[in-house]
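End of the sequence shown sits at 374 in the working numbering; the numbers just go up one at a time, nothing left out. Heads up, the beta-carbon is just placed ideally off N, CA and C, and yes, glycines get one too.
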Amino acid sequence: MPVILHRYNFPTEVWFGAGARGLLPDKLKEAGVRRPLLVSDKGVSRQPFFDDIRRLCGAAAVYAEISGNPVESHARGALEAYDDGACDGIVAVGGGAAIDVAKAVAVMTGHKGRLFSYAEGVPGQKPISGKVPPILALPTTAGTGSEVGRSTVISEDDSHVKRIIFSPKLMPRAALLDPELTLGLPGPVTAATGMDAVTHLIESYITAGDYNPLCDGVALEGLRLAAKSLKRCVTHPGDVSARGDMMNAALMGATAFQKGLGATHSCAHALSTVTDMHHGLGNGIMIPTVMAFNRSVCRPRFKILEATVGARDLVAWLRALNKAVGIPATLAAAGVKKEALPKLVAAALADPCHQLNPRPVRRKDFERLFAKAWAG
């Protein structure tokens, strides 16, 4: 009988609580970082706390030009700042875009050539075998969970195709989860990033991916927290406790999807590629339709998910949650043109995430999924 091995990675040190950003100087010292590059996005760099974090980390250089979905030119610009500042580590402050760019820079510092030529365990790609500088992450959203993730997702500048670079070396050395950093997050961004976390938690639990009971348990508790607190974060944005629940749910989602994801993510990646839609918004719109498609092959796991969120019907619960937090009910309502559907189908089919969907997804299935999500 062949031996089957299963890989778990949980090395990131996580500190959680209001004011956790104050630990930054000590964590940099422990990591041996003296001259950090501070990576952020344009919106976060205008927040009152940004100057405080810049002072705390003693940044030797700052790159805060990121807007929207991160692209390769953002990574190249941040690498230039890293080199100009003679930096020896990276502090990422922001949502998934900033943290993903920080990880991309970490790869590029010790690996020559184009970023997209590197990935661990991917046929035809070069291994990430060189030294990678320490990364410390301070998330300002509660969605991607990139602060504990093993990959970075960067889009090509011209085509906007999302490319995934994977390696456990990309996991941040420490993540400081300070819910105070999310208090200024606008309602629509809170909702979209929150639905990203919900999608991670649900898709990882039902994926056809690797056996991983640790991830299953993490996914269920993360979903319980999100079911309890996402709506509260939108309706009462100053609730630090609810914000903390969502930060933990996001972190747990990224931990859980070590198992893999599914067709919802292939659809969301396609929406980002073709229409530049926010990734979390795409997940939020698509997940009820995709879960309705998956239900026939996942009934036992659906029952556990329904018990976790306190609902009789998971798909109906997802639709109600979307409505409660302001996620559009259809792609049409989100401004997607019907003429874009064929391109969306092609992009989703090319995305690898659906390979682990519990129900196989073929071209005709994606055509039906996008048509249903567009019209409602």
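Query                                                                                                                 : Result
Start-end ranges of the beta strand (DSSP E) lying completely within the stretch 147 to 172, minimum 3 residues       : 149 to 153 and 160 to 164
A62, enclosing beta strand (DSSP E) - first and last residue                                                          : A59 to I64
Cβ contact (3+ pairs, closer than 8 Å) linking the stretch 158 to 175 and the stretch 243 to 251                      : yes
Distance, P68 Cα to L339 Cα                                                                                           : 23 Å
At least three beta-carbon pairs within less than 8 Å, the stretch 339 to 351 to the stretch 256 to 269               : yes
Local conformation of Y116 per DSSP, three classes                                                                    : strand
Which of helix, strand or coil DSSP assigns to M(-1)                                                                  : With a pLDDT of 47 at M(-1), under the threshold of 50, the modelled position of that residue is not reliable, and the figure given next carries that caveat. The answer is coil: DSSP assigns M(-1) none of H, G, I, E or B.
Host beta strand (DSSP E) of I204 (start-end)                                                                         : No beta strand (DSSP E) holds I204; the alpha helix (DSSP H) holding it covers G185 to I204.
Span of the alpha helix (DSSP H), counted from its first residue to its last, around I51                              : P46 to C55
Neighbourhood of K110 by C-beta distance below 6 Å, restricted to the same chain and skipping five residues each side : none
Close-in-space but distant-in-sequence residues of the same chain around D86 (CB under 7 Å, 5 per side omitted)       : V31, R32, R33 and P131
Selection from A318, K362 and S43 that minimises the alpha carbon distance to A189                                    : A318
Coarse secondary structure for K124, derived from DSSP in three states                                                : strand
Cβ neighbour criterion (16 or more within 10 Å) applied to P286                                                       : buried
Integer-rounded CB distance, given that G220 should sit under 8 Å from L354                                           : In fact, because the Cβ distance is near 19 Å, the residues do not count as touching under 8 Å.
Counterpart residues of V12 in DSSP-defined beta bridges                                                              : A173
Assigned secondary structure, V89 (DSSP; H/G/I helix, E/B strand, else coil)                                          : strand
Helix, strand or coil at V37 [DSSP, three-state]                                                                      : strand
Beta-carbon separation (whole angstroms), S38 vs A102, contact threshold 8 Å                                          : So it is not a contact: roughly 14 Å between Cβ atoms.
Reduced DSSP secondary structure (H/G/I, E/B, other) of H331                                                          : The sequence shown places Ala at residue 331, not His. Three-state result, A331: coil.
Close beta carbons around K370, own chain, < 7 Å, minus the five adjacent residues each side                          : T287
D363 - DSSP class collapsed to helix/strand/coil                                                                      : helix
DSSP three-state assignment for I325, whether helix, strand or coil                                                   : coil
Contact set for K167: own chain, Cβ-Cβ below 6 Å, skip 5 residues either direction                                    : I126 and V130
Candidates D274, F14, A373 and V307: closest to D156 by CA position                                                   : D274
As assigned by DSSP and simplified to three states, the class of V307                                                 : helix
Close Cβ partners of A84 (< 8 Å) along its chain, the five nearest in sequence each way excluded                      : R33 and A58
Where P235 sits in the DSSP three-state scheme                                                                        : coil
Rounded separation between G122 and I163 - CA only                                                                    : 13 Å
Inter-residue spacing [alpha-carbon to alpha-carbon] between E11 and G143                                             : 14 Å
L136 versus W315, G324 and L22, residue with shortest Cα-Cα distance                                                  : L22
Identity of the residues DSSP links to P137 by a beta bridge                                                          : G92
Integer-rounded CB distance, given that G192 should sit under 8 Å from M377                                           : The requested residue 377 is not part of the displayed model; the chain covers only -1 to 374.
Close-in-space but distant-in-sequence residues of the same chain around E304 (CB under 8 Å, 5 per side omitted)      : R310, D311, L312 and W315
Any 3 or more C-beta pairs closer than 8 Å across the stretch 325 to 341 and the stretch 223 to 237                   : no
Three-state secondary structure (DSSP) of E288                                                                        : A small correction: the amino acid at residue 288 is Val; Glu does not occupy that position in the sequence shown. Here V288 sits in helix by DSSP.
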